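In full-length UniProt numbering, the protein residues as written are 244 to 607. Glycine included, each C-beta is placed from N, C-alpha and C at the ideal position. Note that the structure is predicted; figures quoted are calculated from it, not measured.
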Ligand code: F6R
């Protein structure tokens, strides 16, 4: 049941410290600060290329993983929406690893992409939340998120637990490739081990996010911006808002703003900015100045350092914990979920059963 919560969506948002911890427990040794994936029946060090295929929110998890795997393991990664991938007869070279991300493990397009990759000589790895699902059974190896059943149609805890396993894959592949020394592994494992407590800290900002959500509820359009791993989080935030509040929302890479979307900005369009302190901070912060100069109403998601460094003060800020940039996308997923939820509450939509949506898309 929903326990003390009004909806499954918010119950599942608040389960995240627990289920992220459960997922970390399947691979992280906090004492030695090392990471061991459940058995993978091939050598991650020999993988020549990674192809990630998924739909919707799972696709955004894969989009974060691209940055992680390329940065840490120095292996080329392609990420693609399953419904496009399966029909374009993609060229796949031997020695490649194809990863299929699916909460349900039953998504028709993702399953078709898996069958295509198997037939074209790829190693196949499923990342699913349902152990006995078709995608898990048909893959060479299945890694599991420990999210537990996800009832709310809008995916929340499945997404963050997918990110945790994908972070583990990135670290394992980097080590197998000889691209990561023990000290770096220890640092990243430490950052991962602290994620559950940091997610709890973000959840304590719910009242602040609810206040902001009430100011967003009357909007017709909302823009989300981010860079690096913050970009897929912006896309995910926009998808979540569309799904549960029916407000039109778009996520953009911050650097694309001046190539078109900036024309949309006026004082009626809220702009949600995902901006942890990382090596791209200054770039995104300068995009914020451009938006504010055009009357845009910015909601700035950052940490203490990021908020203090921002020259413009005329905006709403939400302070998240200061963390290693590696784990920032996991944390920044939380405020965009809570914003979407509280906008939906303010609008009175059916949060757990949004119109026109199905939990599992088993038809093309
Ligand atoms: C968004 C959402 C969908 C799913 C997508 C893929 O909140 O739930 O976008 O992420 O339908 O589903 P799975 O992961 O089951 O393949």
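In its chain, beyond the 5 residues on either side, 439, 440, 442, 443, 446 have a beta carbon closer than 8 Å to the beta carbon of residue 260. Here the alpha carbons of residue 572 and residue 311 stand approximately 11 Å from one another. Checking the 6 Å criterion, the Cβ of residue 389 is out of range of every heavy atom belonging to the ligand F6R.
Secondary structure remark: continuous beta strand (DSSP E) runs of at least 3 residues inside the UniProt domain "SIS" (455–597), in chain order: 464–469, 491–496, 513–517, 540–546, 559–563. The shortest C-alpha to C-alpha distance from residue 257 to any of 277, 596, 403, 454 is the one to 403.
Residues 396 of the same chain have their beta carbon placed closer than 6 Å to that of residue 602, with the five preceding and five following residues left out of the count.
Using a cutoff of 6 Å, the CB of residue 298 counts as near the ligand F6R, since one of the ligand's heavy atoms is closer than that.
Membership of residue 264 in the alpha helix (DSSP H) is indicated by the continuous run 259–268.
The three-state reading of DSSP puts residue 278 in strand, counting E and B together. Within a 10 Å sphere around the beta-carbon of residue 606 sit fewer than 16 other beta-carbons, which makes this residue exposed. Taking C-beta atoms as the reference points, residue 429 and residue 317 fail to come closer than 7 Å.
For the set 596, 482, 466, the Cα lying nearest the Cα of residue 506 is the one of 466.
The three-state secondary structure of residue 449, taken from DSSP, is helix. For residue 407, the distance from the CB to the nearest heavy atom of the ligand F6R is not below 6 Å. In chain order, 413, 414, 417, 422, 423 place their CB closer than 7 Å to the CB of residue 315, counting only its own chain and leaving out the 5 sequence neighbours on each side. With respect to the C-alpha of residue 309, the residue from 534, 563, 406 having the closest C-alpha is 406. Straight-line spacing of the CA atoms in residue 290 and residue 420 works out to 9 Å. Straight through space, the alpha carbons of residue 306 and residue 524 are spaced by roughly 19 Å. When distances are taken from the beta-carbon of residue 350 to the heavy atoms of the ligand F6R, the shortest one is below 6 Å. With a cutoff of 6 Å, residue 477 does not count as near the ligand F6R, since its C-beta is closer than that to no heavy atom of the ligand. Looking at the backbone, the Cα of residue 263 and that of residue 389 are separated by about 7 Å.
Non-local C-beta neighbours of residue 248 in its own chain, meaning closer than 6 Å and more than five positions away in sequence, comprise 254, ordered along the chain. Segment contact: the region 339–346 against the region 364–373, three or more CB-CB distances shorter than 8 Å; contact assigned. Annotation: the region 278–351 contains the following complete segments of the alpha helix (DSSP H) (minimum length 4 residues), in chain order: 299–316, 325–328.
Taken through DSSP and simplified to helix, strand or coil, residue 272 comes out as strand. Taken atom to atom, the span from the alpha-carbon of residue 297 to that of residue 515 is near 25 Å. Of the candidates 538, 461, 564, the residue whose Cα lies closest to the Cα of residue 588 is 461.
In the same chain as residue 582, and ignoring 5 residues on each side of it, the C-beta atoms closer than 6 Å to its own belong to 452, 456, in chain order. The DSSP-derived three-state label of residue 397 is coil.
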